[in-house]
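*Asks:* Numbering-wise, our numbering puts 296 at position 296 of the sequence shown, and it's gapless, one number per residue.
Just so you know, even glycine gets a beta-carbon here, dropped at the ideal spot from N, CA and C.
Everything numeric in this text was worked out from a predicted model, so none of it was measured.
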Amino acid sequence: MAFSERVSRLKSSLIREILAAAQRPEVMSFAGGLPAEAMLPKVEWADMPLSLGQYGMSEGEPALREALAAEARALGLECAASQVLVVSGSQQTLDLAAKLYIDKGTEIFLEAPTYLAALQIFQLFGADCLTVPQEADGPNLAQLRHRLEQHRPAFIYLIPTFQNPSAVRYSEAKRAAVAALLDEFGVTLIEDEPYRELTFDGGSAKPIAGRLQKASWIYTGTVSKTLLPGLRVGYLIASPDLFPHLLKLKQSADLHTNRIGQWQALQWIGTEKYQQHLSELRGFYRQRRDVFQAALERHFSDLADWNMPQGGLFFWLTLKQPLDTRTLLNEALANDVAFMPGEPFFPDPDKHHGHLRLNFSHIDPARLDEGLKRLAAVVRQAQLDKAA
1 MAFSERVSRL KSSLIREILA AAQRPEVMSF AGGLPAEAML PKVEWADMPL SLGQYGMSEG
61 EPALREALAA EARALGLECA ASQVLVVSGS QQTLDLAAKL YIDKGTEIFL EAPTYLAALQ
121 IFQLFGADCL TVPQEADGPN LAQLRHRLEQ HRPAFIYLIP TFQNPSAVRY SEAKRAAVAA
181 LLDEFGVTLI EDEPYRELTF DGGSAKPIAG RLQKASWIYT GTVSKTLLPG LRVGYLIASP
241 DLFPHLLKLK QSADLHTNRI GQWQALQWIG TEKYQQHLSE LRGFYRQRRD VFQAALERHF
301 SDLADWNMPQ GGLFFWLTLK QPLDTRTLLN EALANDVAFM PGEPFFPDPD KHHGHLRLNF
361 SHIDPARLDE GLKRLAAVVR QAQLDKAA
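1) If you follow the beta strand (DSSP E) that F155 is part of, which residue opens it and which one closes it?
2) Taking 7 Å as the cut-off, decide whether the C-beta atoms of G234 and V87 are in contact.
3) Can you grab the Cα-Cα spacing for the pair K11 / D47, in whole Å?
4) For N140, which residues in the same chain have their Cβ closer than 8 Å to its Cβ, ignoring the five residues on either side in sequence?
5) Could you tell me which residues DSSP puts in a beta bridge with S90?
6) May I have a chain-ordered list of the alpha helix (DSSP H) segments no shorter than 4 residues that lie completely inside the stretch 317 to 383?
7) When you compare the CB positions of T220 and D254, do they come within less than 7 Å of one another, or not?
8) What are the start and end residues of the beta strand (DSSP E) that includes Y219?
9) Please state whether DSSP places S51 in a helix, a strand or coil.
10) Compute the beta-carbon to beta-carbon distance between P165 and R326, rounded to the nearest angstrom, for a pair I have assumed lies under 8 Å.
11) Tell me which same chain residues have a C-beta within less than 6 Å of the C-beta of K248, skipping the five on either side of it?
12) Give the range of the beta strand (DSSP E) segment to which E135 is assigned.
13) Answer yes if the stretch 23 to 31 comes into contact with the stretch 336 to 349, meaning at least three C-beta pairs across the two stretches below 8 Å, and no otherwise.
14) Under the DSSP definition of a beta bridge, which residues are partnered with F315?
15) List the residues that DSSP assigns as beta-bridge partners of I237.
16) Using C-beta distances below 7 Å, list every residue in its chain close to L52, excluding the 5 sequence neighbours before and after it, in chain order.
17) How many Å lie between L148 and A154 at the Cα?
18) Which of the three DSSP states is assigned to L189 in this structure?
19) Short of 7 Å in beta carbon distance, which residues of its chain neighbour A118, apart from the five on each side in sequence? Order them along the chain.
20) Take A127 and list the residues in its own chain whose beta-carbon comes closer than 7 Å to its own, dropping the five residues that flank it on each side.
21) Alpha carbon to alpha carbon, how far is A70 from Q293?
22) What separation, rounded to the nearest whole angstrom, lies between the Cα atoms of D290 and Q381?
23) Spatial neighbours of L278 within its chain, please: C-beta separation below 7 Å, excluding the five flanking residues on both sides.
24) Under the rule that 16 or more other beta-carbon atoms within 10 Å means buried, what is R65, buried or exposed?
25) If we call anything under 7 Å between Cβ atoms a contact, is G76 one with K206?
26) Tell me the DSSP secondary structure of M57 in three-state form.
27) Pick helix, strand or coil for A388, following the three-state DSSP scheme.
28) Considering Cα atoms alone, identify which of E370, K386, L116 and A387 is closest to L14.
29) Excluding sequence positions up to five away, which residues of its chain have a Cβ less than 8 Å from the Cβ of A332?
30) With respect to the alpha helix (DSSP H) encompassing L246, which residues constitute its N-terminal and C-terminal limits?
31) I'd like to check one pair, G138 with S171: are the Cβ atoms closer than 7 Å?
32) What is the DSSP secondary structure of A209, counted as helix, strand or coil?
33) Spatial neighbours of D183 within its chain, please: C-beta separation below 7 Å, excluding the five flanking residues on both sides.
34) Taking its Cβ as the centre, do 16 or more other Cβ atoms sit within 10 Å of H405, making it buried, or is it exposed?
If you want it as structure tokens, here you go:
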């Protein structure tokens, strides 16, 4: 068939394949980034105007754009509602940015590791994905400067707050230093913040985009991790030079984001009930993280190293004896356990063996100890087989 050249680079999503395999009720899954269903808020629809069944503005509902701009300004990101574009989940932001910037061979910068679905999009469009190593408090600054001196990327894609998959939260010093480097070299920033509100220690920080003086930027977020992922409502806020182009790309993609989901999001954003919901959500996930940490110490302390996340939804484990964790999947599923191998979170997966991403938000705490026990047994047996 006469498909586009781009289709030759199209890869299936390993996480979606794992989630499909983990649908059996007996499977204990640590694989996806799913919110806990018990914490999905109850929503009301009775007051929704019938007019919202009509076509809407490509930019999004004006009242929602105003509310999102106000939330961003409270974080220290100076912006107006005219810079806000409501998108079909923040995943669409990445698609629009790829269309705006990437041709085959375009160089871009990413953290290593980075968000799996971002890699999938950027590589589909033909990007040459160059990485900067991730440290406990953000990117290696010396490596970032060296990369910037050697290359001229179209943009850098960063997840500074409870990064997926590593759970790293950039320090204040690293945020300031990254902003200064991007200004110095004139590199556009795409800042992805889906987990910002899921903080367990009360910590917050000004977005890197709000620290830039010269460089262009796109800041993106979503209600998927705090309200209902099924709403498919996200947003981007862009520097004025980029916004008109992103709006045109949105118009060509799907005309506008669903207005019904936007209306529901507007019933929450900026309200007291939303703040109360977030407080309950943080407490719920903090407790699940603590139970997960204790179970990891029981079953993985001799197998892996990790840092306890201060927010987000994931633990990132590094095996003390590295092996290709993709080879563990079939045996884990045979033991009714699902997890996410770490290799696909790198552009060059075969050079980064020995990591696992484990989600702690979704699994019933009553089942997680048994699940981690089984997963640890699978890892131990694989290491014995490799040593034999």
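*Replies:* Once the coordinates are examined:
1) Translated into positions along the sequence shown, residue 155 becomes position 155. Here the beta strand (DSSP E) through F155 covers F155 to L158.
2) Within the sequence shown, numbered from 1, the residue matching residue 234 stands at position 234. Within the sequence shown, numbered from 1, the residue matching residue 87 stands at position 87. A contact, by the Cβ cut-off of 7 Å.
3) Numbered from its first residue, the sequence shown carries residue 11 at position 11. Numbered from its first residue, the sequence shown carries residue 47 at position 47. Distance between the alpha carbons of K11 and D47 is about 42 Å.
4) Counting from one through the sequence shown, the residue named residue 140 turns up at place 140. Correct list, in chain order: V132, P133 and Q134.
5) Residue mapping note: residue 90 aligns to position 90 of the sequence shown, counting from 1. DSSP output for S90 lists no bridge partner at all.
6) Listed in chain order, the complete alpha helix (DSSP H) runs (minimum 4 residues) inside the stretch 317 to 383 are 329 to 334.
7) As a working note, residue 220 is residue 220 in the sequence shown. As a working note, residue 254 is residue 254 in the sequence shown. Not in contact: T220 and D254 (Cβ atoms no closer than 7 Å).
8) As a first step, residue 219 is located in the sequence shown; it is residue number 219 there, counting from the start. Segment W217 to T222, the beta strand (DSSP E) holding Y219.
9) Here residue 51 is taken as the residue at index 51 of the sequence shown, counted from 1. Three-state DSSP puts S51 in a helix.
10) Residue 165 sits at position 165 when you count from the first residue of the sequence shown. Residue 326 sits at position 326 when you count from the first residue of the sequence shown. With a Cβ gap of about 14 Å, P165 and R326 do not count as contacting.
11) By 1-based counting over the sequence shown, the position of residue 248 is 248. Nothing meets the Cβ criterion.
12) Residue 135 sits at position 135 when you count from the first residue of the sequence shown. First-last of the beta strand (DSSP E) with E135: D128 to E135.
13) yes
14) In the sequence shown, the residue the question calls residue 315 occupies position 315. DSSP lists L358 as partners of F315.
15) Here the question's residue 237 lines up with position 237 in the sequence shown. Paired residues: V84 and Y219.
16) In the sequence shown, the residue the question calls residue 52 occupies position 52. Same-chain partners within the cutoff: R259, I260 and W263.
17) In the sequence shown, residue 148 corresponds to position 148, counting from 1. In the sequence shown, residue 154 corresponds to position 154, counting from 1. Rounded to the nearest whole angstrom, the C-alpha separation of L148 and A154 is 11 Å.
18) Along the sequence shown, read from residue 1 onward, the residue named residue 189 stands at position 189. Note: L189 maps to strand in three-state DSSP.
19) The sequence position of residue 118 within the sequence shown is 118, counting from 1. Closer than 7 Å at the Cβ level, and outside the excluded window around A118, lie L94 and Y157.
20) By one-based count along the sequence shown, residue 127 stands at place 127. Result list for A127: I102, T106 and I108, in chain order.
21) To locate residue 70, count along the sequence shown from 1; it is residue 70. To locate residue 293, count along the sequence shown from 1; it is residue 293. Looking at the two C-alpha atoms, the distance is approximately 36 Å.
22) Here the question's residue 290 lines up with position 290 in the sequence shown. Here the question's residue 381 lines up with position 381 in the sequence shown. Taking the straight line from one Cα to the other gives about 27 Å.
23) The residue you call residue 278 lines up with position 278 of the sequence shown. Around L278: E197 and T226.
24) Position 65 of the sequence shown, counting from 1, holds the residue named residue 65. Buried, since its Cβ has 16 or more Cβ neighbours within 10 Å.
25) Walking along the sequence shown from the start, residue 76 turns up at place 76. Walking along the sequence shown from the start, residue 206 turns up at place 206. Yes.
26) If you number the sequence shown from 1, residue 57 lands on position 57. Coil.
27) Indexing the sequence shown from 1 puts residue 388 at position 388. Secondary structure at A388: coil, using DSSP grouped into helix, strand and coil.
28) In the sequence shown, counting from the first residue as 1, residue 14 sits at position 14. For the residues E370, K386, L116 and A387, the minimum Cα distance to L14 belongs to L116.
29) Numbered from 1 along the sequence shown, position 332 holds the residue referred to as residue 332. Cβ neighbours of A332 beyond the five flanking positions: A338, F339, R374, L375 and V378.
30) The residue labelled residue 246 in the question sits at position 246 within the sequence shown. Note, L246: alpha helix (DSSP H), F243 to D254.
31) The residue labelled residue 171 in the question sits at position 171 within the sequence shown. The residue labelled residue 138 in the question sits at position 138 within the sequence shown. Yes, they are a contact pair.
32) As a working mapping, residue 209 is identified with position 209 in the sequence shown. Helix at A209.
33) Walking along the sequence shown from the start, residue 183 turns up at place 183. Listed in chain order, the non-local C-beta contacts of D183 below 7 Å within the same chain comprise L212, Q213, K214 and A215, local neighbours out to five positions each way being set aside.
34) The requested residue 405 does not occur in the structure, where the chain is confined to residues 1 to 388.
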